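Asker: Below: one structure in structure tokens.
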Amino acid sequence: MNLSSPPPAAPSSSSSSSPPTPRVAQHDRYDYGTLDDVGFMTRLLWFSAGADAQLLVRCPQSDRVKFQGLGGVVATVGVLAFFSGSYAFYTVFSPKEATALGERLVHWPSVAMSVFFGLVWSAIIFNIDRFIISSTGKGDGTDKITLQEFTNALPRLAMALIIGLCLSKPLEIKILQSEIESALEKEQKEFLLTLNEASEGLVARERAALREKVDTRQKRIDDNAGELEKRRLEINQQRKALELEAEGKTGSGVAGRGPAWRDKADNLERMQAELDRDRENLGKKNSLVEDELKEAKASLAALDSRIAAEKTSNLQVARHLDGLMKRIQISHLIGGSIPIAIMLLLLCIEMGPIFFKLMVTKGAYDYLKENQKRLVRARAGIEPEARVVSDGKGKSIHVDIHHAANAILEEEKRRLATERALADKFHAEWQRLQAARIEQNPQAFVAPPPLDRP
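Following our numbering, the numbering of the sequence shown begins with 36 at its first residue and continues without gaps.
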């Protein structure tokens, strides 16, 4: 008999003459449809909020909108995490081939890596936020946040605080990118100047010694060449005087090659011989000095090449002063209150849903969820906090009773007890039969003694 079916109507006099009236299906006015009637975006927002969509379709619009809003905040944080993480990873992975204000080309491998890790980072933040929101209780069902509720929510608030701080920093440096790059360009140039001065200082003494050696050797060569040139000019003057003596324009005033002319000719030959001898000797000495000069110049050129290589390396080092940490430091120095405002905004977005869940009043979804939990426990035979026991220290502990498990345990105990009793009975009967056989034919159970071997 179906107790839910309505009782049959009493027969009337007109029932035999008039046809039966068809029954009209009655719709529950509180039935809001099925899950198939819910759009994809709404289901996505409910999923983001960690809500049970099958329960929400049975709830009024207020509960649906509430979880749509919570899911929207969680999804928004996930999107912000993608952009924030992608920009941060691109700042880390992109090659540092120019200074902050230099022309930079898009490095597509770095873009691909940044997008991939940005998606991973976004998925991590989304799932953590979804867990935080779904695991946050509804409080006491009122719009007040009590001290106990706030204390219970502190671990989740701490996690949301850390996530908000991590998300806000890359967004800060992206919003302040122009100002940060201007300040960063200046710091890179100052850093490059410091590195170049340090490199120059390391080889300054060696460079000075080589310069002094080059100058000394060059001066010696120039002095020798000047001395030879001076003596060559003296010989030319002596040759000119010899010609004037032969013409009678100087000395005795008599033309011809007389004693005065011969004296000057002998002196000229002597001076020319000494010049040739000294030129040969100085040529040998200058050859050694020139070798030393070439060696010193080669060392100086090698030193200049090394300095140039170090300056090129210093330029690359200065370009690498462009990391994520440096940009965050500059944003704090030049940003003023803007980084703080961005950080507070992200913290509000991240921590707001936790406070909202603590402040919302108990609604139809909460009752349905609690009812679902009780139904699951009832069908599983679980009675929560059904028994009170003492822990031996004066405190009472509420213990759950698992009726289904206890029933299976009792059944298993009875089965084992029955098997044990049957086994005992079987062994007793077997012992009785064996004793009877021994009494009838004891020789069959006595083994003959072993024969002695020779």
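Glycine included, C-beta positions come from ideal geometry on N, C-alpha and C.
This structure is a prediction, so every number in the text was calculated from the model and none was measured.
Taking DSSP as the reference, what is the three-state secondary structure of P95?
Answerer: The answer is coil: DSSP assigns P95 none of H, G, I, E or B.
Asker: Nearest-angstrom Cα distance between E330 and K320?
Answerer: Going by the C-alpha atoms only, they are around 16 Å apart.
Asker: Do V109 and A84 have their C-beta atoms closer together than 8 Å?
Answerer: Yes, the Cβ-Cβ distance between V109 and A84 is below 8 Å.
Asker: Give me, in chain order, the residues of the same chain whose beta-carbon lies closer than 8 Å to that of T191; leave out the 5 immediate sequence neighbours on both sides.
Answerer: Here residue 191 turns out to be Arg, not Thr, going by the sequence shown. Hits under 8 Å: I167, S170, T171, I389.
Asker: Bridge partners for E437 per DSSP, in chain order?
Answerer: For clarity, residue 437 is His in the given sequence; the question names Glu instead. For H437, which the question treats as bridged, DSSP gives the partners I417.
Asker: Between the alpha carbons of P57 and D72, how many angstroms are there, rounded?
Answerer: Below a pLDDT of 50, predicted positions are generally treated as unreliable, and P57, at 48, falls in that range; the measurement from the model is reported next regardless. Straight-line Cα distance between these residues: approximately 29 Å.
Asker: For chain E, is any of its Cβ atoms less than 8 Å away from the one on R305?
Answerer: Absent here is chain E; the protein component of the structure consists of one chain.
Asker: Roughly how many whole angstroms lie between the Cα atoms of K408 and G398?
Answerer: Those two C-alpha atoms are separated by around 16 Å.
Asker: Have a look at R341, G113, I432, L237 and flag the residue whose alpha-carbon is nearest the alpha-carbon of C201.
Answerer: Out of R341, G113, I432, L237, G113 has the C-alpha closest to the C-alpha of C201.
Asker: Go to V155, then tell me how far its alpha helix (DSSP H) extends in each direction, as first and last residue.
Answerer: V155 -> alpha helix (DSSP H) spans 143-170.
Asker: Going by Cα to Cα distance, which pick from V127, Q307, L80, G387 is closest to R354?
Answerer: Answer by Cα proximity: V127.
Asker: Mark E207 as exposed unless 16 or more other C-beta atoms lie within 10 angstroms of its C-beta, in which case mark it buried.
Answerer: Buried, by the Cβ-count rule.
Asker: Please state if the CB of Y400 and the CB of L91 are separated by a distance shorter than 8 Å.
Answerer: Yes, they are a contact pair.
Asker: Nearest by alpha-carbon distance to Q543: which of G358, L80, L368, I375 is it?
Answerer: Residue 543 lies beyond the range of the chain shown here (36 to 489); nothing can be said about it.
Asker: Which residues in the same chain as S129 place their Cβ atom closer than 7 Å to its Cβ, once the five residues preceding and following it in sequence are excluded?
Answerer: Around S129: H142, S145.
Asker: Does DSSP classify L573 as helix, strand or coil?
Answerer: In the structure as shown, the chain starts at 36 and stops at 489, and residue 573 therefore has no counterpart that could be examined.
Asker: Applying the criterion that 16 or more other CB atoms from any shown protein chain within 10 Å of the CB defines a buried residue, is C383 buried or exposed?
Answerer: By the neighbour-count rule (16 or more Cβ atoms within 10 Å), C383 is not buried but exposed.
Asker: Around the C-beta of R64, are 16 or more other C-beta atoms found within 10 angstroms, so that it is buried, or is it exposed?
Answerer: The predicted position of R64 is uncertain, since its pLDDT is 45 and thus under 50; a value taken from the coordinates is nonetheless stated next. Exposed.
Asker: Could you tell me whether the region 223-238 touches the region 429-449, where touching means 3 or more Cβ pairs closer than 8 Å?
Answerer: Flag = no, the region 223-238 and the region 429-449 do not touch.
Asker: Here's a check: name, in chain order, each residue in its chain whose Cβ is nearer than 6 Å to the Cβ of F161, leaving out the five neighbours to either side.
Answerer: Counting only Cβ-Cβ distances below 6 Å, and skipping sequence neighbours, we find G113.
Asker: Answer with buried or exposed for P95, where buried requires no fewer than 16 other C-beta atoms within 10 angstroms of its C-beta.
Answerer: So P95 ends up on the exposed side.
Asker: Looking at G107 and L70, is the spacing between their C-beta atoms short of 8 Å?
Answerer: Against a cut-off of 8 Å, the Cβ pair of G107 and L70 comes out as no contact.
Asker: Along the alpha helix (DSSP H) that carries H367, what are the first and last residues, could you check?
Answerer: First-last of the alpha helix (DSSP H) with H367: 359-369.
Asker: So, is G120 buried or exposed, given that buried needs 16 or more other C-beta atoms within 10 angstroms?
Answerer: It is buried - the Cβ of G120 has at least 16 other Cβ atoms within 10 Å.
Asker: According to the neighbour-count rule (16 or more other Cβ atoms, all chains shown, within 10 Å of its Cβ), is E385 buried or exposed?
Answerer: Buried, since its Cβ has 16 or more Cβ neighbours within 10 Å.
Asker: Can you name, in chain order, every residue of its own chain whose Cβ lies under 8 Å from the Cβ of T77, other than the five neighbours on each side?
Answerer: Excluding positions up to five away in sequence, the list reads R99, Q103.
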